[in-house]
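Worksheet for the structure shown next.
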Amino acid sequence: MGNAGLVHQLRMMHANAGDPDLLMAEFRAALLYVPQDAHGRVWSGDRGGIRWIHAFTSEAQLAAFAEKSGHREPELAYLTVRGSRLLDVAVPAVGQPAGVALDAAGTAGMLFPPMRGIVPDTAALDGGAA
1 MGNAGLVHQL
11 RMMHANAGDP
21 DLLMAEFRAA
31 LLYVPQDAHG
41 RVWSGDRGGI
51 RWIHAFTSEA
61 QLAAFAEKSG
71 HREPELAYLT
81 VRGSRLLDVA
91 VPAVGQPAGV
101 ALDAAGTAGM
111 LFPPMRGIVP
121 DTAALDGGAA
């Protein structure tokens, strides 16, 4: 799966030369890797009162995060999910303020917080019922 455009936009944003609109367009169009635990739940973590769903641009990024997280199983189950589905469906379904942590173990990772323009207004902390 090719996420070269998204990875490029992430790097550009980290170099203070990116375009937020292009980044969002690439994220929404990307097919991302979302790891699952043994019970089929997606990996997530809580920080600052927000539930962060973990997603990755490549299997290599996912494997690096799993290793840093102490994952020891020989196989790691994951879903491939379009970025738009994560933001528009998964985030509101969490039932608490939620966002997406992209490539959390990488050097060009990024958070997509529950804010208007990123998630639906009903799930946004700055404009909805979250």
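Numbering (UniProt numbering), first residue to last: 1 to 130. Think of the CB as a built atom: it goes at the ideal place given N, C-alpha and C, for glycine as much as any other residue.
Comparing C-alpha distances from Ala64 to each of Asp46, Leu102, Met13 and Ala4 shows the shortest one belongs to Leu102. Each of Leu76, Met24 and Pro114 was checked against the Cα of Gly48, and the nearest Cα belongs to Pro114. Where Pro35 is concerned, the enclosing beta strand (DSSP E) starts and stops at Leu31 to Pro35.
Listed in chain order, the non-local C-beta contacts of Ala105 below 7 Å within the same chain comprise Gln61, Ala64, Phe65 and Lys68, local neighbours out to five positions each way being set aside.
Across the structure, Val89 and Ala98 are spaced so that their CA atoms are roughly 11 Å apart. Its chain contains Pro97, Pro114 and Met115 as the residues whose beta carbon lies nearer than 7 Å to that of Leu125, once the 5 sequence neighbours on both sides are disregarded; these appear in chain order.
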